[in-house]
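Reminder that position 59 of the sequence shown reads as 259 in our numbering, one-by-one numbering, no gaps. First up is the structure itself, then whatever we jot down about it.
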Amino acid sequence: MNGFLGSYECYGPVIPLWSRLMLSRLCHVKGVSYDFVDPCQQLCGSYHRMASKAFAFHYVKKRALFFVQDISTASALMDVSYKIYDQENQKIPIFVNTSAVPYSVRDKLEPEEMEQLKLTMNKRYDISQKALDLQMLRFDPGMADSSNSMADLVGLNIDIILNRRNCMAATLQIIEKNFPELLSLNLCNNKLYRLDGLSDLIQMAPTVKNLNLSRNELNSTWELRKMKGLKLEELWLDGNPLCSTFPDQSTYIWSVQNLFTLSGYLCTLGA
């Protein structure tokens, strides 16, 4: 193989280890930017062996980007460029470029940090409700006492900030491995302003039905689009700046339910 299609260029038989892929089509339907979640799911759903090899899926200016590590996956993805379609039946191009190691991989937590984070999450998990409470995770109070020597994350100088992709990736890895039947996830009060990293929850914990994103810093429903693949029944958004962008309750409900077919509770404006 002498090179990749699109904007990828390779001279000679040596191909870099990491590749960066971008779905760059920007479609507009009645003035609304097209949601890239569906074609990405279509791509991964048609080629299951690739889905587990995608790293750091995120958005930059409404373009969907992710990374792959091996040559065969990059080549296979390149081969389906212009062979998948959006909701308007338009072909979607996939561009492949060389890449440095993604920082979410490069800056992975150390094993001892992962172990402490896992212990912290274990004590926050309600097995009877299959619910995980990660509110204010950065300032976890721990449970150190005379019978338990486990210190809190702050006391161990472990800074878990969920806006950082490596921290979110570590958290989701623990969820995938240790809480495979998770139904309810509480992420309120974590100062989340983007949901790129959390979007991996769609593949890593598809069982989640209840999601609490209250009292974060989400500014628009565009961020919520990144979670569209979840089959949610309940969603809490109160206390986010995006709630003040709607003129009334009905517009708010329509906008959110246009993304999620909620069969249960959607928090009201000012709730």
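Glycine is no exception: its CB is placed at the ideal position from the N, C-alpha and C atoms.
Q.
By alpha-carbon positions, which one of Val-296, Leu-383, Trp-454 ends up nearest to Ile-327?
A. Leu-383 is the residue among Val-296, Leu-383, Trp-454 whose C-alpha sits nearest the C-alpha of Ile-327.
Q: Return yes when the Cβ of Leu-430 is within less than 8 Å of the Cβ of Met-404, no when it is not.
A: With respect to the 8 Å criterion, Met-404 and Leu-430 are not classified as neighbours on the basis of their beta carbons.
Q) Expressed to the nearest angstrom, what Euclidean distance is found between the alpha-carbon atoms of Phe-460 and Leu-424? A) Put simply, the backbone Cα of Phe-460 is about 9 Å away from that of Leu-424.
Q) What does a CB cutoff of less than 6 Å around Ser-420 pick up in its chain, not counting 5 residues either side in sequence? A) Once the five neighbours on either side are set aside, the close Cβ partners of Ser-420 are Leu-442.
Q. Which residue's Cα is closest to the Cα of Gln-335: Gln-316, Phe-266, Ile-360, Val-280?
A. When each option's Cα is compared against that of Gln-335, the closest is Ile-360.
Q.
Comparing C-alpha positions only, which one of Leu-398, Asn-297, Asn-389 sits nearest to Ala-369?
A. The shortest C-alpha separation from Ala-369 is found at Leu-398.
**Q.** Three-state secondary structure (DSSP) of Ser-455
**A.** Note: Ser-455 maps to helix in three-state DSSP.
Q.
Rounding to the nearest angstrom, what Cα-Cα distance links Phe-446 and Leu-401 in this structure?
A. Between Phe-446 and Leu-401, the C-alpha separation is close to 27 Å.
Q: Please state whether DSSP places Arg-338 in a helix, a strand or coil.
A: Reduced to three states, the DSSP call for Arg-338 is helix.
Q) What are the boundary residues of the beta strand (DSSP E) that includes Leu-265? A) For Leu-265, the uninterrupted beta strand (DSSP E) segment begins and ends at 263 to 268.
Q: Assign Ser-384 to one of three DSSP states: helix, strand, or coil.
A: The three-state reading of DSSP puts Ser-384 in strand, counting E and B together.
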